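Residue numbers (our numbering): 2 to 144.
Pasting the structure below:
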């Protein structure tokens, strides 16, 4: 019976050792990912304009709009919301993150009585233009 206990202990130690090795590999992979992201981030910071992504999905009665910009400012949110208003879009729901980067996720619909219909591509181009205009007018905030 004593040999059985020793084998169980040895098996547990072997399993724990394997698990520790897996964790070390995961940590190494995560460290590589962090280094890659830091390198990409520093090269983006050296570029003239921050990275920006605008995705617009058409919903049954409106749009799901995701906006990401590498730079952040309350005035950027104002610019994007003014663009929605100019397009005749009413924001029904929105989530905004302004910690390090700017991220806006909004659900919008066309304002009632709006005669001109807009499509997802028009919304995307208008928001990208608003971000570009904001970048030009707020260059001092970015430096």
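C-beta atoms are modelled at their ideal positions from N, C-alpha and C, and glycine is treated no differently. Since the structure is predicted, the reported quantities are computational estimates derived from the model, not experimental observations.
Between the Cα of residue 63 and the Cα atoms of 52, 88, 39 and 101, which residue gives the shortest distance? 88
Cα separation between residue 16 and residue 29? 20 Å
Residue range of the beta strand (DSSP E) that residue 56 falls in? 53-60
Does residue 70 come out as helix, strand or coil in the three-state DSSP assignment? strand
Go to residue 138, then tell me how far its alpha helix (DSSP H) extends in each direction, as first and last residue. 121-138
Mind checking residue 1: buried by the 16 CB within 10 Å criterion, or exposed? Given that the chain is displayed from residue 2 to residue 144, the structure contains no residue 1 and the question cannot be resolved.
Just to confirm the assignment, what range does the alpha helix (DSSP H) spanning residue 101 have? Neither: residue 101 is in no alpha helix (DSSP H) and is coded neither H nor E.
The region 97-111 contacting the region 64-81, beta-carbon criterion three pairs below 8 Å: yes
Give the straight-line distance between the Cα atoms of residue 136 and residue 33, rounded to the nearest whole angstrom. 32 Å
Along the chain, where does the alpha helix (DSSP H) containing residue 76 start, and where does it finish? 75-87
Best match in 4, 22, 79 and 60 for proximity to residue 119 [C-alpha to C-alpha]: 60
Since I believe residue 108 is in contact with residue 94 (beta carbons under 8 Å), could you give me their beta-carbon distance rounded to a whole number of angstroms? 4 Å
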